[in-house]
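Here the numbering used here is used: the first residue of the sequence shown is 48, the next is one more, and so on. Where a beta carbon is used, it is the ideal one built from N, C-alpha and C, also for glycine. What you are looking at is a predicted structure, and each value in this text was computed from that prediction instead of being measured. Structure first, then comments.
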Amino acid sequence: MFYLVRHGNTDYSLQNTRIYQGYGVNLSPLSKEGIEQIQITSRDPRLKDADLILSSPYTRALQTAAILSKNLGVDITVETDLHEWIANKDYIYEDDETAINAYREYTENSGEHKEDSKLNWETSADIRARVIPVLEKYKHLDKVVVACHGTLIQAITGGHLPKNGEIVEFEL
């Protein structure tokens, strides 16, 4: 069983300053509220006796995984393909305005491209194609916690967009 945990609330107060510009925004840490959200999540009995914590490489997910690891006494493995949805599926940086428009298109079209779209954003199917093989590597374990992102969770489960710190159970 996989326990998908959306990272805690993120502190974007330094966005567009110093290293937090462009792609650097993904280095933003959890806010105080986000830390508390994950402290609460770590007490959920479903996470007790987990075998492993997997994490996205983004700071907000890594910090989430670190809090969970400390409180649960479980090791962390970082898996690059657990990263957040991307505005350009060829991993080409898009400016903020293009990325915002791409995400708006993604949400308006339920994660699927319309034929007239000129933007190259990652679809829900693209997310599943990169995430499911990662999870397949760990399905032999009984209980795996995955610190990751809301759009990723929604794409692979077909469910709702989870709240920060929310746990969504998932089986392959």
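Look at the Cβ atom of residue i, then the Cβ atom of residue j, and state whether they are nearer than 9 angstroms.
i	j	result
Asp128	Val191	no
Leu109	Ser102	yes
Val52	Glu126	no
Thr145	Leu119	no
Leu74	Thr111	no
Ile100	Val193	yes
Glu213	Thr106	no
Glu152	Ser164	yes
Going by alpha carbons, who is nearest to residue i out of the options?
i	options	result
Tyr185	Phe217, Ala202, His160 and Pro209	Phe217
Ile174	Phe49, Arg107, Arg90 and Thr198	Thr198
Asn211	His187, Ser157, Pro104 and Thr57	Thr57
Ala113	Gly55, Val178 and Gly158	Gly55
Ala176	Asp163, Trp132 and His187	Trp132
Ser60	Tyr50, Lys79, Met48 and Phe49	Lys79
Leu136	His187, Asp122, Leu115 and Gly158	Per the sequence shown, residue 136 should be read as Lys rather than Leu. Selected option, being the one with the closest Cα: Gly158.
Gly81	Leu115, Thr124 and His160	Leu115
Between which two residues does the alpha helix (DSSP H) holding residue i run?
i	result
Leu99	Per DSSP, Leu99 belongs to no alpha helix (DSSP H); it is in the beta strand (DSSP E), Leu99 to Ser102.
Ile203	Gly197 to Thr204
Arg151	Asp143 to Glu155
Ser116	Thr106 to Leu119
Lys79	Lys79 to Thr88
Ile179	Ser171 to Glu183
Between which two residues does the beta strand (DSSP E) harbouring residue i extend?
i	result
Val125	Ile123 to Val125
Leu51	Phe49 to Arg53
Glu162	From DSSP, Glu162 is part of no beta strand (DSSP E); its letter is neither H nor E.
Ile214	Ile214 to Phe217
Leaving out the 5 sequence neighbours to the left and right, which residues in its chain are closer than 8 angstroms to residue i when beta-carbon positions are compared?
i	result
Glu183	Leu219
Leu188	Asp98 and Leu99
Answer with yes or no whether the minimum CB distance from residue i to chain B is below 9 angstroms.
i	result
Glu216	Judged by its chain identifiers, the structure shown contains no chain B, having just a single protein chain.
CB-CB under 6 angstroms to residue i, same chain, minus the five flanking residues each way: which ones, in chain order?
i	result
Ala134	Glu141, Ala146, Ala149 and Trp168
Gln201	Leu208
Val121	Ala97 and Ile100
Which residues in the same chain as residue i place their Cβ atom closer than 7 angstroms to its Cβ, once the five residues preceding and following it in sequence are excluded?
i	result
Val178	Asp128, Leu129, Leu199 and Ile203
Residues bridged to residue i by DSSP?
i	result
Ala194	Val52 and Ser102
Thr57	Leu77
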